[in-house]
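Chains as they are written, first to last, in this note's numbering: chain A, 1 to 278; chain B, 1001 to 1351.
The structure under discussion appears below in the form of structure tokens.
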């Protein structure tokens, strides 16, 4: 995997461009919002206009400002979760797979159990047990339920690399296990690790929004998930406030698709069989 | 020669049986772990939700009922944690999932039994439809790409891959809301929620029509969100297979591209895709819960939300158990089917 290949992959570039736009919006959100996203001082139920580009909510909040602000939560949760999930996968998948033996047996058994526990119901139940969910509770819950699949994939790859001559050579020369994993194994499976990272981010973004939609996050945060929660609570459907329903979900779908594109494209680049030239 | 054939046949059957036995063993162990997790989880949580719950119900129900509830929940303070655990295991094995608090005195197993058919119907239908449509589209994309690699450039593939990715990134609850608003509410093509019109017998003609009408939008949503994965998996697998020597050989024999794609490549590509059913079912089950919530569909996902909102822990535990058992069984059946049709798995298992 190298930069030239990524730059020449249209899907990777499309995903990265969309994501970059959302990142810029998230970083400069305080400068971009026309009004405070939490202010409730406007006439409720206004249709889109020059003053309120996307109209106002039933509670008199500016929808456009909320959409802009919501970018922050999704990207923050997505990337923090993906980082933590990748770290767990590094230990439970790559390291355990490389070391083998008892460590691997135990790690595999744990991974297999997490793999069959139904993630979403578990997510809902954990979030419900840990009431008063701050964003960090959501992150913890998402990380616990979201790491297993990738760990299994990475483990298989680490095992395949274990017997390669260059790995054996460094083992014979007495390098430590973590040193070998980090300098020889990981760089040689970087494509799959990066691809998995984006897959985990996608899972996290959707999971966060879903939990918040059913009221298991902090409903006072301004995120796309809580916007849809309030739209549902405020009977946006009956009131015909379809912009309030449409835009936050559309943003979620766009961020999700960009993460999916990156996940897919990096996998494609790392896997020679899927490459364009045959 | 006949004798050696018989021997290899016997060996093959042995491998098959041994493989399935191994898988059944794993099934039982995983099941036990899931049940244990289910027992431990509420007890690990801060503030002991079980006690909080009893505190909430204190005074609302009579002391006798309270005592009965404690017994029902296996929360006998005289037996220790281990005793409770043994009781819990015994109860689960005998199908006793306790009594719901929010629907007291309804039994958890009764509530689950009432809602499960709705969910199974929807999940079963949507999974089969999504698999057929998704693998079909994935095959088509790879075939156009593959033969284009033999010729280059394919609109079908450049369009279908982002389409599949988009489907995989759609929040199921949002698609449900949008369809509910535009198709059910504005256009009025379908009812806006529920499982069947009130007061209609399920087994009558109008009842059946009403059933289909109510299930249509949830089923469409579920099919949409789970189809993306099948498109992408099938497409990638098919592309790998198209690079195999026997495909090149078939082409070099001068067989028609379509014959090669369907009879040589697709048949071999679809089996490993099928093996990803575990991953797909996870997505389907997750989507299903949200879809039922938005459409007020009387399935187990909607029941889960009610249980969570009412902090009905016996019901939450029971539902989680059913989800786990259902997923495990589905995986086991898919595995068994896979072993029956693909000899490579048997060989792999024997080694």
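Idealized CB from N, CA, C, for every residue including glycine.
I want to see whether chain B comes within less than 8 Å of residue 128 of chain A, judged by CB atoms only; does it?
Interface residue, yes.
Distance between residue 1100 of chain B and residue 1106 of chain B (C-alpha atoms, nearest Å):
For residue 1106 of chain B and residue 1100 of chain B, the distance between alpha carbons rounds to 6 Å.
Name, in chain order, the residues that DSSP records as bridge partners for residue 1260 of chain B.
As computed with DSSP, residue 1260 of chain B is found in no beta bridge at all.
Per-residue contacts from residue 1319 of chain B into chain A (C-beta, under 9 Å)
Using a Cβ-Cβ cut-off of 9 Å, residue 1319 of chain B is close to 121, 125 of chain A, given in chain order.
Interface residues of the stretch 230-259 of chain A facing chain B [CB-CB below 9 Å]:
Taking 9 Å as the Cβ-Cβ cut-off against chain B, the residues of the stretch 230-259 of chain A that qualify are 231, 232, 236, 237, 238, 240, 242, 245, 246, 248, 249, 250, 252, 253, 254, 255, 256, 257, 258, 259.
Inter-residue spacing [alpha-carbon to alpha-carbon] between residue 1294 of chain B and residue 1173 of chain B
In this structure, the straight-line span from the alpha carbon of residue 1294 of chain B to that of residue 1173 of chain B is close to 6 Å.
According to DSSP, is residue 1342 of chain B helix, strand or coil?
The answer is coil: DSSP assigns residue 1342 of chain B none of H, G, I, E or B.
Using a C-beta cutoff of 8 Å, does residue 1037 of chain B count as contacting chain A?
Yes, because at least one Cβ of chain A sits closer than 8 Å to the Cβ of residue 1037 of chain B.
Residue 256 of chain A to residue 202 of chain A, Cα distance in whole Å?
Looking at the two C-alpha atoms, the distance is approximately 6 Å.
Straight-line Cα distance separating residue 1138 of chain B from residue 1246 of chain B:
Take the alpha-carbon of residue 1246 of chain B and the one of residue 1138 of chain B: they are about 21 Å apart.
What is the residue span of the alpha helix (DSSP H) that residue 942 of chain B lies within?
Outside the modelled stretch of chain B, which goes from 1001 to 1351, sits residue 942 of chain B, for which no answer is possible.
Chain A contacts from the stretch 1166-1196 of chain B (Cβ-Cβ distance under 7 Å):
Here the close residues are 1166, 1168, 1169, 1170, 1171, 1173, 1174, 1177, 1178, 1180, 1181, 1185.
Evaluate residue 205 of chain A with the Cβ neighbour count: other Cβ atoms within 10 Å of its Cβ, from every protein chain shown; 16 or more gives buried, anything less gives exposed.
Classification for residue 205 of chain A: buried.
Give the residues of chain B in contact with residue 213 of chain A, contact being defined as C-beta atoms less than 7 Å apart.
The answer, in chain order, is 1173.
Take every Cβ of the stretch 1185-1198 of chain B, pair it with every Cβ of the stretch 1207-1222 of chain B, and state whether three or more of those distances are shorter than 8 Å.
Touching, yes, given that three or more Cβ pairs across the two stretches are closer than 8 Å.
Cα separation between residue 76 of chain A and residue 130 of chain A?
Computed Cα separation, rounded: 21 Å.
Beta-carbon gap between residue 263 of chain A and residue 166 of chain A smaller than 8 Å
Cβ distance not < 8 Å, so residue 263 of chain A and residue 166 of chain A don't count as in contact.
Would you say residue 118 of chain A faces chain B, with C-beta separation under 8 Å as the test?
Output row for residue 118 of chain A: interface = yes.
Within chain A, partners of residue 1034 of chain B - CB distance below 8 Å:
In chain order: 113, 116, 117.
According to DSSP, residues forming a beta bridge with residue 62 of chain A
In DSSP, residue 62 of chain A forms a bridge with A:56.
Same chain, Cβ closer than 7 Å to residue 1265 of chain B, five either side skipped, listed in chain order:
Shown here for residue 1265 of chain B: same chain residues with a beta carbon closer than 7 Å to its own, the five before and five after excluded, namely 1238, 1241, 1242, 1247 in chain order.
If contact is defined by three or more beta carbon pairs under 8 Å, each pair taking one atom from either stretch, is the stretch 135-143 of chain A in contact with the stretch 66-82 of chain A?
Three or more Cβ pairs closer than 8 Å define a contact, and the stretch 66-82 of chain A meets that threshold against the stretch 135-143 of chain A.
Using the rule of at least 16 other Cβ atoms within 10 Å of the residue's Cβ for burial, across every protein chain shown, is residue 1128 of chain B buried or exposed?
Burial state of residue 1128 of chain B is exposed, judged by a 10 Å Cβ sphere holding fewer than 16 other Cβ atoms.
Grab me the residues of residue 158 of chain A's own chain with a C-beta within less than 6 Å of its C-beta, minus the 5 sequence neighbours each way, in chain order.
These residues qualify, in order along the chain: 94, 97, 98, 185.
Looking only at DSSP bridge pairs, what is residue 1107 of chain B linked to?
Here residue 1107 of chain B is bridged, per DSSP, to B:1099.
Candidates B:1164, B:1217, B:1187: which alpha carbon is nearest residue 1230 of chain B's?
Nearest option by C-alpha distance: B:1164.
When you compare the stretch 1212-1222 of chain B with the stretch 1278-1291 of chain B, are there three or more beta-carbon pairs, one atom per stretch, that lie closer than 8 Å?
Here the stretch 1212-1222 of chain B makes contact with the stretch 1278-1291 of chain B; the two share three or more CB pairs at distances below 8 Å.
Rounded to a whole number of angstroms, what is the C-alpha to C-alpha distance between residue 34 of chain A and residue 24 of chain A?
Taking the straight line joining both Cα atoms gives about 16 Å.
Going straight from the alpha carbon of residue 152 of chain A to that of residue 105 of chain A, what length do you get?
One alpha carbon belongs to residue 152 of chain A, the other to residue 105 of chain A, and they sit about 12 Å apart.
Between residue 78 of chain A and chain B, is there a C-beta pair that is closer than 8 Å?
Not an interface residue.
So what does DSSP say about residue 1035 of chain B, is it helix, strand or coil?
Three-state result, residue 1035 of chain B: helix.
Would you say residue 95 of chain A faces chain B, with C-beta separation under 8 Å as the test?
No, residue 95 of chain A lies away from the interface with chain B (no Cβ there is under 8 Å from its Cβ).
Give a yes or no on whether the minimum CB-CB distance between residue 228 of chain A and chain B is below 8 Å.
Yes, because at least one Cβ of chain B sits closer than 8 Å to the Cβ of residue 228 of chain A.
Between residue 260 of chain A and the rest of its own chain, which residues show a CB-CB distance below 7 Å, the 5 nearest in sequence each way excluded?
Around residue 260 of chain A: 202.
Reference residue 1228 of chain B; option with closest CA among B:1020, B:1136, B:1097
Comparing Cα positions, the closest option is B:1136.
What residues in the stretch 1266-1296 of chain B have a beta carbon less than 9 Å from any beta carbon of chain A?
Listed by position, the residues of the stretch 1266-1296 of chain B near chain A (Cβ gap below 9 Å) are 1278, 1279, 1281, 1282, 1283, 1285, 1286, 1287, 1288, 1289, 1290, 1293, 1294.
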